[in-house]
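Colleague:
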Amino acid sequence: MSDPIPFRPYAPGSQPSLDTPDYVTTRKRHPLRAPIKIPHTVTETTGPVFSQTHFPPSVDLTINTTGQKALGERIVVAGTILDEDGRPVPHTMVEVWQANATGRYDHPGDQHDAPLDPNFHGAGRVYTDANGRYRIVTIRPGAYPWPNHHNAWRPTHIHFSYFGPAFASRLVTQMYFPGDPLLAFDPIFNAIPDTRARDRLIAAFDMDITEADYALGYRFDVVLRGRGATPMEA
Amino acid sequence: MGIATASQTIGPYWHLIEDKDWADLTRFGATGDKIVLTGTIFDGDGKPCPDTCVEIWQSDPPTSDTFPGFGRANSDATGTFRLTTIKPGPVAGLGNAQQAPHIAICLLGRGLMAGLVTRAYFAGDPLNATDPLLSSIEDPALRGTLIAVADGPGVWRLDIRLQGDGETVFLDV
Ligand SMILES: [Fe+2]
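Going down the list, the protein sequences come from chains A and B.
For the first sequence, our numbering begins at 35 and goes up steadily by one.
For the second sequence, our numbering begins at 91 and goes up steadily by one.
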């Protein structure tokens with residue numbers, strides 16, 4: 035059997051450092067030793083394929099708990115998932131979770147003094163279509179404070195999780211909103227060295243995704259790792 | 091050509107881990123050598139990390155309607171995770187090499203800007219001696235951070251230290 039085609043290394047500056055002291059929790063959680071670079075084997079170049087029977091989609095976060103409508107500004111988030119060679123990533127699971135419109139997570143661990151919305155839980159799961167496209171309906175989340183430093187506030191964001199074709203293409207990230215003044219102060223967003231890579235996490239307002247008399251639309255396109263043409267050097 | 095989107099911390103991952111079923115990879119009826127993979131995650135102060143998301147992937151046995159190959163568990167208040175799966179067999183390495191049975195692990199969590207990748211091998215497996223990754227690590231103490239130890243019938247324990255004394259070997263994949 036021939037060797038699997040490895041995934042390409044990440045582009046320099048495109049990924050945040052694990053050692054990001056401004057994000058205080060990283061100080062005691064980042065490894066001190068450099069990771070061992072390993073050539074990709076079948077362990078890294080294959081990954082889970084989720085059956086929609088076992089893992090059913092839930093596209094609309096505004097009605098996914100009680101059947102009643104959630105409070106807040108309804109939005110549509112849609113986009114395309116491509117690999118680094120521009121090929122769509124079809125039929126892959128996208129997980130999404132977020133705070134409600136007041137900036138509160140429906141979770142016992144969230145003690146922020148902002149009201150819960152009984153009709154908004156804030157979690158969903160969708161799959162890309164054959165062309166790598168996905169779409170969710172949700173509520174624009176609120177900003178919320180966090181204990182990182184004095185007067186620390188997370189910019190408005192939605193958490194996203196992607197799988198792609200392999201263990202090596204796994205990605206967990208956050209989508210931000212255009213024009214958010216909190217972005218400049220956020221150590222998590224600013225941990226990404228390359229400003230262009232940072233800016234690609236900011237969704238774009240999109241009139242084509244906006245639905246008349248229904249919801250504003252935002253485009254959030256994502257790129258997962260592509261496979262290299264030549265085997266990675268061990 | 092595009093550039094892969096940046097990772098951001100999973101945060102305290104409030105909702106991602108709510109479905110506790112994901113910790114049992116045998117829940118769809120998989121048969122085989124059922125095992126528990128458990129361990130405790132420690133930070134650089136030696137304190138347990140109670141809010142880590144532990145994901146595992148194994149290419150053996152092959153995924154099927156009854157076996158997803160992928161699982162996810164949170165670490166609890168004591169920093170301990172617990173996953174139930176089918177013990178993998180050996181898998182192909184590069185060239186003619188064979189890899190010892192192992193499970194790939196990705197840790198996501200608050201304070202982790204990206205996933206931390208490591209592996210769990212199984213103590214006592216005769217193939218460990220010729221596994222390409224294990225045999226590339228000369229220091230037995232470092233190598234040992236990748237090897238789960240038997241901790242009761244069918245239970246394998248791999249503690250993970252993120253930083254400092256006994257720091258786990260992490261992999262750049
Ligand atoms: Fe968040």
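For every residue, glycine included, the Cβ atom is placed at its ideal position computed from N, Cα and C.
If I follow the unbroken alpha helix (DSSP H) through B/Ser225, where does it start and stop?
Modeller: That run of the alpha helix (DSSP H) goes Pro222 to Ser226.
Colleague: Quick one: is A/Arg163 buried, meaning 16 or more other Cβ sit within 10 Å of its Cβ, or exposed?
Modeller: Before going on, a small fix: residue 163 of chain A reads as Asp here, not Arg. The residue is exposed, with fewer than 16 neighbouring Cβ atoms inside 10 Å.
Colleague: Can you tell me whether A/Asp56 is buried or exposed? The criterion is at least 16 other CB atoms within 10 Å of its CB, across all chains shown.
Modeller: Exposed.
Colleague: List in chain order: all unbroken beta strand (DSSP E) runs of 3+ residues lying wholly within the region 187-219 of chain A.
Modeller: The qualifying runs are 191-196 and 205-210.
Colleague: To the nearest angstrom, how far is the alpha carbon of B/His105 from that of A/Val130?
Modeller: Looking at the two C-alpha atoms, the distance is approximately 9 Å.
Colleague: Could you check which residue in B/Gly256, B/Asp114, B/Leu236 and B/Pro230 has the C-alpha nearest to that of B/Ile176?
Modeller: Measuring from the Cα of B/Ile176, the nearest candidate turns out to be B/Asp114.
Colleague: Give the DSSP bridge partners of B/Ala194, in chain order.
Modeller: According to DSSP, B/Ala194 bridges with B/Trp147 and B/Arg209.
Colleague: May I ask which residues mark the beginning and end of the beta strand (DSSP E) holding A/Gly158?
Modeller: Taken as a continuous stretch (DSSP letters only), the beta strand (DSSP E) holding A/Gly158 covers Ala157 to Tyr161.
Colleague: At the level of alpha carbons, what is the spacing between B/Ala182 and A/Pro221?
Modeller: So the two alpha carbons sit approximately 41 Å from each other.
Colleague: So which of A/Ile236, A/Arg67 and A/Glu107 has the shortest CA-CA distance to A/Phe194?
Modeller: It is A/Ile236 whose Cα lies nearest to the Cα of A/Phe194.
Colleague: What residue does the beta strand (DSSP E) around B/Thr174 start on, and which one ends it?
Modeller: Where B/Thr174 is concerned, the enclosing beta strand (DSSP E) stretches over Thr170 to Ile176.
Colleague: Whose C-alpha, out of B/Ala194, B/Phe132 and B/Gly101, is nearest the C-alpha of B/Ile237?
Modeller: It is B/Ala194 whose Cα lies nearest to the Cα of B/Ile237.
Colleague: Using the C-alpha atoms, what's the distance from B/Asp133 back to B/Phe160?
Modeller: Spanning the two alpha carbons is a distance of roughly 25 Å.
Colleague: Closer than 7 Å by beta-carbon distance: list the chain A residues that pair up with B/Thr153, in chain order.
Modeller: Within chain A, the residues near B/Thr153 are Pro82 and Val83.
Colleague: Whose Cβ in chain A lies nearer than 8 Å to the Cβ of B/Ser97?
Modeller: Within chain A, the residues near B/Ser97 are Gln49, Pro50, Leu205, Val206 and Thr207.
Colleague: Compute the distance between the beta-carbons of B/Leu261 and B/Arg209, then report whether it is under 8 Å.
Modeller: Yes, these two residues count as a Cβ contact at 8 Å.
Colleague: Using a Cβ-Cβ cutoff of less than 7 Å, which residues in the same chain neighbour A/Asp53 once the five nearest sequence positions on both sides are dropped?
Modeller: Correct list, in chain order: Thr60 and His64.
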